[in-house]
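Trainee:
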Amino acid sequence: MTAPSITLTRLDVQRLERLIDSLDDTLPGVIALQTELDRADTLVGHEEVPADVVTMNSRVHCREESSGKDYHLTLVYPKDANADEGKISILAPVGSALLGLKVGQHIDWPAPGGKTLKLTLLAVESQPANGGDFPE
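Going letter by letter, the sequence shown gives residues 962 to 1097 in this note's numbering.
(1) In the DSSP assignment, find the unbroken alpha helix (DSSP H) run with T972 in it and report its ends.
(2) What's the gap between the Cα of T996 and the Cα of L977?
(3) Measuring CA to CA, which of S1028, S1027 and L1034 is closest to S1019?
(4) Report the rounded CA-to-CA distance for A1084 versus V991, giving the unit in angstroms.
(5) Do you know offhand how far P1039's Cα is from G1075's?
(6) Determine the extent of the alpha helix (DSSP H) in which T996 is found, giving its start and end residues.
(7) Once the 5 residues before and after L1052 are set aside, which same chain residues still bring their CB inside 7 Å of it?
(8) Which residues in the same chain as R1024 place their Cβ atom closer than 8 Å to its Cβ, once the five residues preceding and following it in sequence are excluded?
(9) Let's test the definition: count the other Cβ atoms within 10 Å of the Cβ of G1047 and tell me whether it reaches 16, buried, or not, exposed.
(10) Pick from A1058, D999, S1087 and I967: whose alpha carbon is nearest that of W1070?
(11) What's the gap between the Cα of G1093 and the Cα of S1028?
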């Protein structure tokens, strides 16, 4: 599958590059994140990002297509990750894959046991970048 086009904010890219620089660049999560940053086709200011694009600290609603199961996830920095609260680290496979997606796009989500699930982004429920709130 071809990865969908993504839009990132310059602020997210700066912060995520700092995060990558502080970590072991051979870790799978770091490699996946760097790949996502490298393939971004549009970079915008945080005040210009469309409301339907996933940025850092966005809360999203997505659906796994084969089961129909809905997920409400918040994309966070590793220090804030908490699976029980639906806070998914940017270094998790689904985290880096969600970054920059627009509503209606889908990704392949590597699941435990080697399965690949198709996840469709249904809504960006909240997006701090668009609301002027930029927690790091």
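Glycine residues also receive a C-beta, built at the ideal position from the N, C-alpha and C atoms.
Mentor: For this structure:
(1) According to the sequence displayed, residue 972 carries Leu and not Thr. Unbroken alpha helix (DSSP H) run through L972: R971 to D982.
(2) Cα to Cα, T996 sits roughly 12 Å from L977.
(3) Comparing alpha carbon positions, the residue from S1028, S1027 and L1034 closest to S1019 is L1034.
(4) Rounded to the nearest angstrom, the two C-alpha atoms are 26 Å apart.
(5) Computed Cα separation, rounded: 23 Å.
(6) Residues P989 to R1000.
(7) Correct list, in chain order: G990, V991, L994 and P1039.
(8) Hits under 8 Å: K1030, D1031, Y1032, L1080, T1081 and L1083.
(9) By the Cβ-count criterion, G1047 is exposed, with fewer than 16 other Cβ atoms from all chains shown falling within 10 Å of its own Cβ.
(10) Per the Cα distances, A1058.
(11) Caution applies to G1093, whose pLDDT of 49 falls short of 50 and renders its modelled position unreliable; the model cannot decide the point.
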